[in-house]
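Numbering (the numbering used here), first residue to last: 52 to 176. The beta carbon of each residue, even a glycine, is placed where N, CA and C say it ideally should be. Take a look at the structure below.
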């Protein structure tokens, strides 16, 4: 929300890094891979790893306490959801975009689903 965004410290260097990563995922198979034996998703590049994402505090500031607590109390489930989102999206997305979607989903799943359906219906990304 706009109020939450107002209290996020300005980090121009991180914004530049995020802007440079945008679209870095390649549709040529450079997406997280699923290991059927382990039943887990694994990153295939450094840009897909958890270290390339943003902190749980940013989840709290941007999406609220529910998203933060899911991320802190269930980190493996959260990371698997992010990697699966990155791998299964029609258009390649970077880790920050996938994390934002998972945080939004965890904060309010019904609104996230509605917004996604409206975006698809109207042809937005």
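If you follow the beta strand (DSSP E) that residue i is part of, which residue opens it and which one closes it?
i, result
"residue 84", "84-86"
Would you call residue i buried or exposed, if buried means 16 or more other Cβ atoms sit within 10 Å of its Cβ?
i, result
"residue 124", "exposed"
"residue 168", "exposed"
"residue 165", "exposed"
"residue 148", "buried"
"residue 174", "exposed"
"residue 74", "Unreliable positioning characterises residue 74 in this predicted model, as indicated by a pLDDT of 45, which lies under 50. A coordinate reading is not provided."
"residue 160", "exposed"
Note the first and the last residue of the continuous alpha helix (DSSP H) segment covering residue i.
i, result
"residue 175", "It is not in any alpha helix (DSSP H) - residue 175 carries neither H nor E in the DSSP assignment."
"residue 144", "Unbroken run through residue 144: none, as it is neither H nor E."
"residue 110", "107-114"
Residues bridged to residue i by DSSP?
i, result
"residue 91", "86"
Where does residue i sit, in a helix, a strand or coil, going by DSSP?
i, result
"residue 124", "helix"
"residue 104", "coil"
"residue 76", "Confidence is the limiting factor: at residue 76 the pLDDT is only 44, short of 50, which leaves the residue's position unreliable, though a coordinate-based value still follows. Coil."
"residue 157", "helix"
Whose CA, out of the options, lies closest to the CA of residue i?
i, options, result
"residue 100", "140, 133, 142, 171", "133"
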